[in-house]
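So the protein lines, in turn, are chains F and Y.
Numbered per numbering that gives the first Met the number 0, the first sequence spans residues 0 to 224.
Numbered per numbering that gives the first Met the number 0, the second sequence spans residues 0 to 224.
Below: the structure, in structure tokens.
Number of protein chains: 2
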Amino acid sequence: MTTVLVVDDEPIVRDVVVRYLKRDGFDTLEAADGPTAQKLIEEGAPELVVLDVMLPGMDGLALCRWIRSRGELPVIMLTARGEEADRIVGLELGADDYVTKPFSPRELAVRVRTVLRRAAQAAPPEERLVFGALVVDARSRDVELDGRPLQLTAKEFDLLFFLASNPRRVFSRDQLMESVWGYAAALDTGTVTVHVQRLRSKIERDARRPRHLETVWGVGYRFVP
Amino acid sequence: MTTVLVVDDEPIVRDVVVRYLKRDGFDTLEAADGPTAQKLIEEGAPELVVLDVMLPGMDGLALCRWIRSRGELPVIMLTARGEEADRIVGLELGADDYVTKPFSPRELAVRVRTVLRRAAQAAPPEERLVFGALVVDARSRDVELDGRPLQLTAKEFDLLFFLASNPRRVFSRDQLMESVWGYAAALDTGTVTVHVQRLRSKIERDARRPRHLETVWGVGYRFVP
DNA sequence: ACCCGATTTCAGAAATTCGTAATGCCGCCG
DNA sequence: CGGCGGCATTACGAATTTCTGAAATCGGGT
């Protein structure tokens with residue numbers, strides 16, 4: 000399921016947008032301000048952000064820069080006037096698209112789809128991830144720690160590679176089940192737990208105090224570079 | 000410093016693309032038409048060309064053919080929205096990638112990086128592979144171990160040569176079926192297994208504990224130098 | 001048509017991994 | 001500080017995957 004984060008300080012606007020996106024089959028997250036948005040991006044792992052330029056506190060432009068600086072998360076901006084739109088998309092910010100207010104929610108939903116499709120084909124899957132002493136190579140499917148090869152099983156590697164491909168993002172056990180195992184078995188969460196433990200015993204120097212594979216209490220796990 | 004030539008007749012598009020590339024640390028050249036582009040390619044020695052399909056005078060396809068005919072210069076094509084034919088033609092002409100309009104400049108910058116990286120490490124196919132005591136010669140199609148010739152069958156050689164041409168990379172049985180045998184996605188993966196065993200019995204000193212032809216459990220096989 | 005090696009198919013054995021459950025532990029909250 | 005719920009850890013049987021040897025089929029050459 001694709002998750003979209005909607006950031007706008009006006010509850011009415013959020014509500015309309017969210018309702019339309021849900022009708023189109025998206026999961027949604029909502030934030031009224033920058034800090035909340037940042038938190039949701041790190042923990043909720045949205046695939047796209049719809050972002051109002053005008054926000055109280057940290058404004059939309061700053062938030063967009065922050066998003067841009069931390070990875071490949073696509074952004075659609077909501078702008079007040081058409082004149083600045085070109086700059087927003089093309090230059091300073093690197094937003095992937097924009098919609099000028101007032102807009103029809105229908106149009107926004109279409110843009111969301113377009114941008115996601117584009118982002119999917121634009122994402123060049125990284126084939127060799129390096130985090131200090133830890134190296135994960137997708138082509139040869141082997142993992143090195145301090146230059147020494149580690150023996151991971153297929154599932155262990157898939158799990159590690161998925162988490163490491165999305166550093167710092169938190170995934171629930173259900174999400175991991177779906178992304179790594181391929182099916183959504185909402186009931187069986189223990190399997191994920193055991194695999195994370197096994198992974199830790201191999202890639203962590205001290206499995207009791209993990210450096211890379213962090214537990215986020217009550218939520219799930221994440222990989223920290 | 001890496002130089003990229005941007006060819007598009009619309010100044011605004013050029014400008015946006017150029018600024019983005021510069022921000023990403025590239026040098027840039029600009030051309031609005033084919034003849035100018037040719038001149039800049041010969042005099043400015045760019046490492047990559049971003050090329051709009053639609054150009055006044057000499058069109059993008061012709062220019063791409065010309066570039067392709069004169070060397071190894073990578074090309075990324077800009078194509079109109081949704082024109083499947085253009086994509087195919089572009090790639091058949093030897094373009095290394097394409098981006099459909101409208102695109103986000105960020106997406107283009109990502110592609111530029113990807114294509115350059117790919118081009119940098121693209122090595123011409125070797126005729127003669129040497130891994131210590133093991134020598135695989137593509138021309139004569141024979142294999143030596145410790146200086147002694149081995150008698151491999153046709154399929155055995157094809158399989159070994161394919162794996163040895165991509166050292167350390169893991170291939171599933173399906174992939175091997177497609178790459179070595181030629182037919183796609185046959186359900187019969189057992190054939191691959193048997194051939195790997197036979198190869199081992201010939202090129203490995205101890206087939207029980209292979210040194211070169213490793214099994215990657217749950218995934219496939221790989222060749223290790 | 002026949003022969004012979006190469007290739008594919010097949011079934012049972014062997015090896016490895018995966019999922020589950022049971023138990024103990026730790027962090028969070030009142 | 002004590003209870004509770006989520007997490008860590010262990011162990012083991014089931015399920016998957018690979019190996020092996022032999023039999024069946026294919027295909028080129030004579």
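The C-beta atom is built at its ideal place from N, Cα and C for all residues, glycine as well.
field: Chain-ordered residues of the region 127-157 of chain F with a beta carbon less than 7 Å from chain Y
entry: Residues R138, S139, R140, T152 and A153.
message: Quick check on the DSSP output: the alpha helix (DSSP H) that includes Y19 (chain F) runs from which residue to which?
response: Sequence index remark: in the first sequence, residue 19 (chain F) carries index 20 (1-based). Taken as a continuous stretch (DSSP letters only), the alpha helix (DSSP H) holding Y19 (chain F) covers P10 to R22.
Cβ neighbours of R117 (chain Y) in the same chain (closer than 6 Å, five flanking residues each side left out): By one-based count along the second sequence, residue 117 (chain Y) stands at place 118. Cβ within range, chain order: n/a, list empty.
- prompt: Using the beta-carbon count (16 or more within 10 Å), is I40 (chain F) buried or exposed?
  reply: In the first sequence, the residue the question calls residue 40 (chain F) occupies position 41. Burial check for I40 (chain F): the Cβ neighbour count within 10 Å reaches 16 or more, so the residue is buried.
- prompt: Along chain F, which residues have their Cβ under 8 Å away from the Cβ of E106 (chain Y)?
  reply: Within the second sequence, numbered from 1, the residue matching residue 106 (chain Y) stands at position 107. Those are D95, R117, A118 and A121, listed as they occur along chain F.
- request: Give a yes or no on whether 7 Å exceeds the smallest Cβ distance from R167 (chain Y) to chain F.
  value: As a working note, residue 167 (chain Y) is residue 168 in the second sequence. It does: the Cβ of R167 (chain Y) has a partner Cβ on chain F nearer than 7 Å.
- prompt: Quick one: what's got a C-beta closer than 6 Å to E143 (chain F)'s C-beta in the same chain, skipping five residues either side?
  reply: The residue labelled residue 143 (chain F) in the question sits at position 144 within the first sequence. Excluding residues within five positions, the ones whose Cβ falls inside 6 Å are V134.
Amino acids of chain F, ordered along the chain, whose beta-carbon sits closer than 7 Å to that of G24 (chain Y): Taking the second sequence and counting its residues from 1, one reaches residue 24 (chain Y) at position 25. The contacting residues do not exist; G24 (chain Y) stays about 15 Å from chain F at best.
message: So for D136 (chain F), helix, strand or coil by DSSP?
response: Residue 136 (chain F) sits at position 137 when you count from the first residue of the first sequence. The answer is strand: DSSP assigns D136 (chain F) an E or B state.
- prompt: Is DSSP giving S171 (chain Y) helix, strand or coil here?
  reply: Here residue 171 (chain Y) refers to the residue found at position 172 of the second sequence. Three-state result, S171 (chain Y): strand.
- prompt: Do you know whose CA, among F:S139, F:H211 and F:L54, lies nearest V169 (chain F)'s CA?
  reply: Mapped onto the first sequence, residue 169 (chain F) falls at position 170. Considering only alpha carbons, the answer is F:H211.
message: Using a Cβ-Cβ distance cut-off of 7 Å, determine whether G59 (chain Y) contacts chain F.
response: The residue given as residue 59 (chain Y) occupies position 60 in the second sequence. By this cut-off, G59 (chain Y) is not an interface position.
- request: Grab the span of the beta strand (DSSP E) containing T78 (chain Y) for me, first residue to last.
  value: The residue labelled residue 78 (chain Y) in the question sits at position 79 within the second sequence. From DSSP, the beta strand (DSSP E) with T78 (chain Y) extends over V74 to T78.
message: If you follow the alpha helix (DSSP H) that R67 (chain F) is in, where does it begin and where does it stop?
response: Translated into positions along the first sequence, residue 67 (chain F) becomes position 68. DSSP places R67 (chain F) in the uninterrupted alpha helix (DSSP H) bounded by G59 to R69.
R127 (chain Y) versus S164 (chain Y): straight-line alpha-carbon distance, rounded: Working through the second sequence from its first residue, we reach residue 127 (chain Y) at position 128. Working through the second sequence from its first residue, we reach residue 164 (chain Y) at position 165. It is roughly 10 Å from the alpha-carbon of R127 (chain Y) to the alpha-carbon of S164 (chain Y).
query: Rounded to a whole number of angstroms, what is the C-alpha to C-alpha distance between H194 (chain Y) and E155 (chain Y)?
result: Start at 1 with the first residue of the second sequence, and residue 194 (chain Y) comes out as number 195. Start at 1 with the first residue of the second sequence, and residue 155 (chain Y) comes out as number 156. Cα atoms of H194 (chain Y) and E155 (chain Y): separation of roughly 7 Å, rounded to the nearest angstrom.
- prompt: For D51 (chain F), which residues does DSSP report across the bridge?
  reply: For the purposes of this step, residue 51 (chain F) is identified with residue 52 of the first sequence, where counting begins at 1. The partner list for D51 (chain F) (beta bridge, DSSP) reads F:L77.
field: Spatially closest choice to P45 (chain F) from F:P101, F:V223 and F:V3, by CA coordinates
entry: By 1-based counting over the first sequence, the position of residue 45 (chain F) is 46. Comparing Cα-Cα distances from P45 (chain F) to each of F:P101, F:V223 and F:V3, the minimum goes to F:V3.
- prompt: Comparing the C-beta of V12 (chain Y) with each C-beta of chain F, is any distance below 7 Å?
  reply: Taking the first residue of the second sequence as position 1, residue 12 (chain Y) is located at position 13. It does not: the Cβ of V12 (chain Y) has no partner Cβ on chain F nearer than 7 Å.
- request: Give me the Cα-Cα distance between V223 (chain F) and P166 (chain F), rounded to the nearest whole angstrom.
  value: For the purposes of this step, residue 223 (chain F) is taken as the residue at position 224 of the first sequence. For the purposes of this step, residue 166 (chain F) is taken as the residue at position 167 of the first sequence. Going by C-alpha positions, V223 (chain F) is about 6 Å away from P166 (chain F).
task: Compare the C-beta of L62 (chain F) against all C-beta atoms of chain Y and say whether one is closer than 7 Å.
output: Stepping through the first sequence from its first residue, residue 62 (chain F) is reached at position 63. For L62 (chain F), the closest Cβ of chain Y is not nearer than 7 Å.
field: Extent of the continuous beta strand (DSSP E) to which A30 (chain Y) belongs
entry: Walking along the second sequence from the start, residue 30 (chain Y) turns up at place 31. Note, A30 (chain Y): beta strand (DSSP E), D26 to A30.
message: Suppose you measure from the CA of R208 (chain Y) to the CA of Y220 (chain Y); what does that come to, to the nearest Å?
response: The count along the second sequence starts at 1 and reaches residue 208 (chain Y) at position 209. The count along the second sequence starts at 1 and reaches residue 220 (chain Y) at position 221. In a straight line, the C-alpha of R208 (chain Y) is about 14 Å away from that of Y220 (chain Y).
query: Along chain F, in chain order, which residues have C-beta atoms closer than 7 Å to that of V215 (chain Y)?
result: Taking the first residue of the second sequence as 1, we reach residue 215 (chain Y) at position 216. At a beta-carbon threshold of 7 Å, the residues of chain F lying near V215 (chain Y) are R140, ordered along the chain.
- prompt: Do you know offhand how far A192 (chain F)'s Cα is from F160 (chain F)'s?
  reply: Numbered from its first residue, the first sequence carries residue 192 (chain F) at position 193. Numbered from its first residue, the first sequence carries residue 160 (chain F) at position 161. The sequence shown places Thr at residue 192 (chain F), not Ala. Distance between the alpha carbons of T192 (chain F) and F160 (chain F) is about 16 Å.
message: When you measure from the CB of F130 (chain Y) to every non-hydrogen atom of the ligand FMN, does any distance come out below 6 Å?
response: Ligands displayed in this structure: none; no statement on the ligand FMN is therefore possible.
message: Taking 8 Å as the limit between beta carbons, can you name the residues of its chain near S178 (chain Y), skipping five residues before and five after?
response: For this step, residue 178 (chain Y) is matched to residue 179 along the second sequence. Correct list, in chain order: F161 and F170.
message: For chain F, check one thing: does any of its Cβ atoms lie closer than 7 Å to the Cβ of V179 (chain Y)?
response: Numbered from 1 along the second sequence, position 180 holds the residue referred to as residue 179 (chain Y). No, no contact with chain F.
query: So, is the C-beta of E9 (chain Y) closer than 7 Å to a C-beta in chain F?
result: Position 10 of the second sequence, counted from the start, is the residue given in the question as residue 9 (chain Y). For E9 (chain Y), the answer is no, since every Cβ of chain F falls outside 7 Å of its Cβ.
- request: List the endpoints of the continuous beta strand (DSSP E) containing V5 (chain Y).
  value: Walking along the second sequence from the start, residue 5 (chain Y) turns up at place 6. Boundaries of the beta strand (DSSP E) around V5 (chain Y): T2 to V6.
- request: Look at the Cβ atom of P55 (chain Y), then the Cβ atom of D32 (chain Y), and state whether they are nearer than 7 Å.
  value: What you label residue 55 (chain Y) is simply residue 56 of the second sequence in a count that begins at 1. What you label residue 32 (chain Y) is simply residue 33 of the second sequence in a count that begins at 1. Yes.
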